[in-house]
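Below is one structure, written out as structure tokens, with a few remarks after it.
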Amino acid sequence: MLFRPRPEMLELILLHYLHARKKFTNEEEFNYTNLIKGYEGELKSDIWLRGLTDEWLILNHLLLEYNGSTFQIDTLIIAYEKIYLLDIKTFEGDHSIKDDKWYTPSGKPEKNPLHQLERCETLLQRLQQDLGFNIPIESYLIFINPEFHLYTSSNHPAIIFPAQLNRFLKKLNTRPVKLNKKHYQIAEKLNALHIEESPYKRLPPYNYEQLKKGIICPNDKTFFTDVTLICSKCGRVEEVEAAVLRSVKEFSLLFPDRKLTTNNIYDWCGGVKSKKVIRRVLSKYFKLVGHRTSAHYV
Ligand SMILES: [Zn+2]
Numbered sequence: 002m003l004f005r006p007r008p009e010m011l012e013l014i015l016l017h018y019l020h021a022r023k024k025f026t027n028e029e030e031f032n033y034t035n036l037i038k039g040y041e042g043e044l045k046s047d048i049w050l051r052g053l054t055d056e057w058l059i060l061n062h063l064l065l066e067y068n069g070s071t072f073q074i075d076t077l078i079i080a081y082e083k084i085y086l087l088d089i090k091t092f093e094g095d096h097s098i099k100d101d102k103w104y105t106p107s108g109k110p111e112k113n114p115l116h117q118l119e120r121c122e123t124l125l126q127r128l129q130q131d132l133g134f135n136i137p138i139e140s141y142l143i144f145i146n147p148e149f150h151l152y153t154s155s156n157h158p159a160i161i162f163p164a165q166l167n168r169f170l171k172k173l174n175t176r177p178v179k180l181n182k183k184h185y186q187i188a189e190k191l192n193a194l195h196i197e198e199s200p201y202k203r204l205p206p207y208n209y210e211q212l213k214k215g216i217i218c219p220n221d222k223t224f225f226t227d228v229t230l231i232c233s234k235c236g237r238v239e240e241v242e243a244a245v246l247r248s249v250k251e252f253s254l255l256f257p258d259r260k261l262t263t264n265n266i267y268d269w270c271g272g273v274k275s276k277k278v279i280r281r282v283l284s285k286y287f288k289l290v291g292h293r294t295s296a297h298y299v
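First residue of the sequence shown: 2, per this note's numbering; consecutive thereafter.
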């Protein structure tokens with residue numbers, strides 16, 4: 002049973018908006034691409050885990066804290082006799098381990114994901130003890146990308162390779178499971194302890210003036226250049242209301258402190274649609290509050 006579905010990632014949504022309207026530095030571009038890959042990997046693992054029978058509690062994306070240390074859990078599966086802690090990895094290409102050190106396909110040293118996993122398990126172990134539980138935890142690195150390979154001379158039972166994913170699931174499915182109140186209690190407690198972090202502080206710096214204005218095609222982020230709202234790249238024909246509402250959503254999420262006014266949205270849309278059209282859409286979907294210069298929609 003899916004106890005906690007994976008939430009939409011607001012940070013990624015904001016980054017998509019920004020990326021279309023601003024040039025990213027190499028580092029920002031790198032982080033953005035990694036975040037997309039990571040999230041896609043998690044979604045892929047969610048699909049894979051649909052193969053589990055129903056008697057499990059699955060909790061996705063938890064950010065927890067123990068004694069001042071925060072740790073993130075991609076997926077937690079609560080079973081009768083165990084808690085499975087899964088860290089989803091989207092590594093690609095031929096990685097290798099030499100003397101306990103990990104190397105990228107190009108031979109550069111990289112962070113040992115097993116260390117990260119151990120840290121996570123230790124913190125979760127202490128946290129559940131504090132909460133009054135003592136269910137053994139078993140942790141795994143799940144390598145979801147079929148293009149991943151690891152050269153290593155030793156056996157790592159915590160690593161699940163792409164070719165082992167199905168068998169891993171089968172193994173889980175053969176375990177006898179009958180959850181009781183205790184299992185639901187720990188799921189509820191962990192879920193309640195999740196920390197909601199503001200995505201804004203992790204975004205690349207931006208301000209209103211530097212962002213390119215206009216209405217963007219949702220398929221390919223091309224800016225609509227004329228009033229007919231036909232994308233010059235993919236040919237998509239947009240309804241005015243949908244296009245304006247999408248732009249309003251972008252504007253409000255990127256600039257939560259700015260007021261929703263006809264002038265602001267007209268400017269944000271790059272003047273592609275007239276103020277009259279913008280006002281008509283805003284007044285249809287939002288409520289006008291305030292008077293004269295302070296008038297805005299909510
Ligand atoms: Zn398009």
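Cβ atoms here follow ideal geometry from the backbone N, Cα and C, with glycine treated the same way.
Within 7 angstroms, strictly: CB atoms of residue i and residue j
i	j	result
Ser140	Leu58	no
His195	Ile79	no
Arg280	Thr263	yes
Ile74	Ile136	no
Ile161	Ile143	yes
Ala244	Ile216	yes
Lys213	Arg22	yes
Glu148	Glu93	yes
Leu7	Asn61	Reading off the sequence shown, one finds Arg at residue 7, where the question assumed Leu. Contact: yes.
Leu261	Tyr298	yes
Tyr18	Leu255	yes
Leu16	Tyr33	yes
Cys218	Arg237	yes
Ile98	Phe134	no
Leu13	Leu36	yes
Pro106	Asp95	yes
Ser295	Cys270	no
Lys230	Glu239	Just to set this straight, residue 230 is Leu in the shown sequence, not Lys. Yes; because the gap between Cβ atoms is below 7 angstroms, this pair is in contact.
Glu29	Pro205	yes
Met10	Asp55	no
Trp49	Leu151	no
Leu132	Lys182	no
Endpoints, the beta strand (DSSP E) within which residue i is located
i	result
Glu139	138 to 144
Leu60	58 to 67
Range covered by the alpha helix (DSSP H) that runs through residue i
i	result
Lys45	27 to 50
Lys250	241 to 255
Leu13	11 to 22
Asp268	263 to 269
Gln186	182 to 194
Thr175	166 to 175
Beta-bridge partners of residue i, as assigned by DSSP
i	result
Leu151	His96
Gln73	Leu64
Tyr104	Ser97, Pro110
Lys90	Phe144
Arg5	Leu60
His297	Val290
Tyr85	Ile78, Glu139
Val238	Ile231
Ile160	Leu142
Phe224	Ile217
Check: residue i C-beta below 6 angstroms from any heavy atom of ligand 3
i	result
Asn113	This structure simply doesn't include ligand 3; it includes ligand 1 instead.
As a quick check of your reading: which residues have a C-beta less than 5 angstroms from at least one non-hydrogen atom of ligand 1, in chain order?
Qualifying residues, in the order they occur: Cys218, Asn220, Asp221, Thr223, Cys232, Lys234, Cys235, Arg237.
Taking contact to mean at least 3 C-beta pairs separated by less than 8 angstroms, is the stretch 28 to 42 in contact with the stretch 225 to 241?
Contact between the stretch 28 to 42 and the stretch 225 to 241 is absent, because fewer than three Cβ pairs lie under 8 angstroms.
Is it a yes or a no for the stretch 171 to 182 touching the stretch 117 to 137, going by three-plus beta-carbon pairs under 8 angstroms?
For the pair of segments examined, the stretch 171 to 182 was found not to touch the stretch 117 to 137: the number of CB pairs separated by less than 8 angstroms stays below three.
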